[in-house]
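Before any comments, here is the structure.
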Amino acid sequence: MVTEQSATVDQDPPPMRPRRVVLKLSGEVFGGGAVGVEPDVVQSLAKQIATVTRRGIQVAVVVGGGNFFRGAELQKRGMDRNRADYMGMLGTVMNCLALQDFLEKEGIETRVQTAITMAQVAEPYLPLRAIRHLEKGRVVIFGAGAGMPYFSTDTVTAQRALEIHADMVLMSKNGVDGVYTADPRIDPTARKLETITFQGVLQRGLRVADQAAFSLCEENKLPMLVFGAEGDDTIVRACAGERIGTLITAD
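All letters in the sequence shown, in the order written, are residues 1 to 251 by the UniProt record's numbering.
Written out as structure tokens, the structure is:
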């Protein structure tokens, strides 16, 4: 357990307004806490992303599929992990298409790129093509994870951010608004951190994203902002450089 006294926090981190971001959205958010897609929730997400895009920030999105399938959980129920993970990847694509639909209803050109070829509904993932779309003001949504089992969408988020030369990873979390010194749902004394290093998170055993994603970001000095998914303007505020959530940096 991490105590407040043991956490190293830099005071007054400088605001960061990125030019190009990769936004991670959990599948649970898309389902509104249930199985399937909740249209009102996806519409709200699309409105926020549209606002950010109109302000000139290039936005790529990685979508989870937990509102449909989670490979690790299906494995616990006896399914082969490879097949379970592929089912989870297909779930992410369904969320991608839902978000694309609502973004285009907002007047924002959107492209879905998938790590598994499915030409009828999406482009194959090509980093240079994704960059070109972003430079033209389009939103790019990455689906089907890494196209391989055993890779989380957290890791894919970091990988895609590095491949398209993003300035920051925006990690939207369901049920928590940042990184805390302990689990705030269990420990009422837990304190939210404004900023911390990747090593600080790993050393203190704070659960934010998987270790592979953290290592990629740390090694390449790619900052990550962890913030709450709840609210009508959290994505807009995060992209505007407001002091929201927890900023995780390499130094």
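Yeah, the Cβ is synthetic: ideal placement off N, Cα and C, and Gly gets one too.
Keep in mind that this is a model prediction, so the values were computed, not measured.
Straight-line gap, residue i to residue j (C-alpha atoms, nearest Å)
i	j	result
Thr181	Ala190	5 Å
Asp85	Met148	8 Å
Leu103	Ser44	10 Å
Gly88	Ala144	8 Å
Arg132	Asp167	16 Å
Leu23	Met224	10 Å
Lys136	Asn82	37 Å
Phe227	Arg243	10 Å
Leu126	Gly175	33 Å
Asp101	Gly178	29 Å
Leu202	Glu109	38 Å
Arg185	Ala212	25 Å
Same chain, Cβ closer than 7 Å to residue i, five either side skipped, listed in chain order
i	result
Asp210	Ser152, Asp154, Thr155
Gly31	Val37, Glu38, Asn67
Arg77	none
Ala130	Ala60, Gln113, Val140, Ile164
Residue j beta carbon less than 8 Å from that of residue i
i	j	result
Ala250	Glu230	no
Gly33	Val63	no
Leu162	Leu99	no
Arg138	Arg111	yes
Ala115	Ala158	no
residue 340	Val41	The structure shown has nothing for residue 340, since the chain only spans 1 to 251.
Val169	Ala122	no
Local Cβ density within 10 Å of residue i, reported as buried at 16 or more and exposed below that
i	result
Ala60	buried
His165	exposed
Pro18	buried
Gln120	exposed
Thr117	exposed
Gln58	buried
Gly36	exposed
Lys173	buried
Thr246	buried
Leu193	buried
Ile196	buried
For the 8 Å Cβ check, are there 3 or more pairs between the stretch 37-52 and the stretch 230-239? yes
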